[in-house]
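Here the sequence shown is numbered in the numbering used here, starting from 410 and rising by one per residue.
Each remark here refers to the structure printed beneath this line.
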Amino acid sequence: MAAAFARQADFCRSFAAPFTAAVCEAAAVAFDMSSATGRAVIAWPGEAFADALMMRVTGGFNALVRAGRAPELAALYPPAQLPPVDALVEAMRAVLADPQRDSELLGWLAGPPQTNEVARSGVLMPGLM
C-alpha cells in the first residue's frame, strides 16, 4: 500500500501537483488499523494503483474539507503554503479518529474518482468545431 501511495505521489509531482503528492505521502503514514478507512485501505483487495485507491482517498479528504467537515485539514489546504507532510498526517489522523468522519471517508473508497483531465476531453474538439 505504501508503495502505491509513493508511486502516486511521484506522478503528482511530475504533473505539478505538489499538494496532492504531499497528501498521498501523508495518507501512506496516517492509515493504520485503528480506523475503518485505514483497515479498508490496508486490506485493499485489488491492485491499489490500478484501482486509483490513492485518488479515492485524496478525493474523500478533499470532499470533507470542501464540506467544512475537516477544519484541521482545511487549514493546510491551498491557498495555504505547502505544509509539511507531518502536519497533514496529524490532521488526517484527527479526521480518522472521529467515527462519523471516518465513515464518510470510507464511503469514498466505494467507487473510482471522476477525473476531469484535459486530454480526455480533447476527443470532443472535432465535434465542437
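Here a beta-carbon is modelled for each residue, glycine too, at the ideal position from N, C-alpha and C.
Pro480 has its alpha-carbon roughly 25 Å from the corresponding atom of Gln417. In this structure, Met501 places its C-beta atom within 9 Å of the C-beta atom of Leu482. Excluding the 5 residues flanking it on each side, Gly469 has same chain C-beta neighbours closer than 6 Å at Leu514 and Trp517, in chain order. In this chain, the alpha helix (DSSP H) harbouring Leu482 covers Pro480 to Ala483. The DSSP-derived three-state label of Gln490 is coil. By the criterion of a C-beta distance shorter than 7 Å, Arg422 is surrounded in its chain by Ala430, once the five residues flanking it on both sides are discounted.
In the DSSP assignment, Ser423 falls within the alpha helix (DSSP H) that extends over Ala411 to Ser423. If you ignore the 5 residues before and after Ala459, its C-beta comes within less than 8 Å of no other C-beta in its own chain.
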